[in-house]
Amino acid sequence: MSEEKRSLRERVLSLRSALTPEERAFKSQRIQAIVTQTREFQEASTIMLFMNFRDEVETTELAQIVLDLGKRLVLPRCAPKGVLIPALIEDLEKDIESGMWGIREPKKEELTKVDPLEIDCILVPGAAFDTQGNRLGYGGGYYDRFFGRLAEGTPKIALAFHCQIVDRIPVEFYDKKVDMLITEQGIMRFKETL
1 MSEEKRSLRE RVLSLRSALT PEERAFKSQR IQAIVTQTRE FQEASTIMLF MNFRDEVETT
61 ELAQIVLDLG KRLVLPRCAP KGVLIPALIE DLEKDIESGM WGIREPKKEE LTKVDPLEID
121 CILVPGAAFD TQGNRLGYGG GYYDRFFGRL AEGTPKIALA FHCQIVDRIP VEFYDKKVDM
181 LITEQGIMRF KETL
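Numbering follows the numbering used here, in which position 73 of the sequence shown is assigned residue number 73; successive positions increment by one, without gaps.
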């Protein structure tokens with residue numbers, strides 16, 4: 001990973017961590033409200049989400065909304081070599097444990113794997129984003145690799161706070177773009193979805 005990416009990640013994450021818990025909660029609520037109004041979310045029957053970690057956009061309530069709407073909730077489990085295993089979640093209390101790095105993820109023993117081709121909307125985290133849809137992750141390449149396993153045209157929607165948007169992210173050949181970025185200030189679309 002380039003030094004430019006490393007320093008950009010540190011700079012943006014320090015901005016994100018400077019948000020107060022109250023700001024984070026308020027902005028996360030705004031983001032959640034915007035997500036649930038999108039056509040991509042409403043029309044999807046199998047939604048892959050991430051459980052927030054540290055000071056990311058809060059997603060626990062959003063995960064519960066997916067379940068309450070009768071949609072299939074899929075969460076990723078981190079496996080070795082940068083692999084994400086998509087797994088079905090039916091109960092946020094019973095089906096989740098603290099996994100690698102303390103991230104909440106599907107329990108290993110009761111993993112019900114989901115074919116990535118069945119996912120029709122994916123909501124993803126990231127450290128920083130630019131206005132062209134480029135995403136700077138946390139350095140493991142998990143999502144960049146996983147995007148290649150999704151059906152063509154599956155909406156890839158990033159959730160972030162507005163302070164995580166930068167002018168330009170240095171891009172390498174394996175970096176994948178997102179289709180939409182949702183912040184507390186609204187939606188940025190980078191590709192028209194059908």
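Don't be surprised by glycine CBs; every beta carbon is placed ideally from N, CA and C.
Rounded C-alpha distance that separates residue i from residue j
i: T193; j: E3; result: Confidence at T193 is low in this model, with a pLDDT of 46, below 50, so the placement of that residue should be treated as unreliable; the coordinate-derived value is given next. C-alpha separation (whole angstroms): 34 Å.
i: S98; j: D68; result: 23 Å
i: E10; j: A128; result: 10 Å
i: Q132; j: T60; result: 28 Å
i: E90; j: L73; result: 7 Å
i: F190; j: D179; result: 5 Å
i: T154; j: I119; result: 7 Å
i: M188; j: M48; result: 20 Å
i: A208; j: L159; result: Given a span of 1 to 194 for the chain in the structure shown, any question on residue 208 remains unanswerable.
Cross-strand partners of residue i (DSSP beta bridge)
i: K156; result: I122
i: M180; result: I157, R189
i: L75; result: A87
i: P106; result: I96
i: K113; result: A87
i: R135; result: F129
i: T46; result: R72
Assigned secondary structure, residue i (DSSP; H/G/I helix, E/B strand, else coil)
i: F129; result: strand
i: A87; result: strand
i: L194; result: Residue confidence is low: L194 scores 42 on pLDDT, short of 50, so the model does not pin down where it sits. Its coordinate-derived value is still stated next. Looking at L194 - three-state DSSP - the assignment turns out to be coil, as it is neither helix nor strand.
i: I169; result: coil
i: T38; result: coil
i: T60; result: helix
i: F53; result: coil
i: K5; result: helix
i: P21; result: helix
Nonlocal neighbours in the same chain, by C-beta distance under 8 Å from residue i, ignoring five residues either side
i: A79; result: I85
i: L92; result: T60, A63, Q64, L67
i: M51; result: T59, T60, A63, L75, I96, I103, R104, E105
Beta-carbon contacts of residue i that lie in its chain and below 6 Å, excluding the five residues immediately before and after
i: R168; result: D130
i: K176; result: D144, F147
i: Y174; result: D144
i: G140; result: G82
Residue-chain proximity (residue i, chain B), Cβ-Cβ < 8 Å
i: A79; result: The displayed structure is made up of one protein chain only, and chain B is not part of it.
Cβ-based neighbour list, residue i, same chain, cut-off 7 Å, excluding 5 preceding and 5 following
i: T112; result: A87, L88
i: T36; result: I65
Is it a yes or a no for the region 49-57 touching the region 13-33, going by three-plus beta-carbon pairs under 8 Å?
In short, these stretches touch, since the Cβ pair count reaches three.
Would you call the region 155-164 in contact with the region 116-136, where contact means no fewer than 3 C-beta pairs closer than 8 Å?
Yes, they touch.
Count Cβ pairs between the region 24-41 and the region 90-97 that sit closer than 8 Å; are there 3 or more?
Here the region 24-41 does not lie against the region 90-97, with fewer than 3 beta-carbon pairs under 8 Å apart.
Touch test, the region 104-114 against the region 144-157, Cβ-Cβ under 8 Å, three pairs minimum:
Because the criterion of three Cβ pairs below 8 Å is not met, the region 104-114 and the region 144-157 do not touch.
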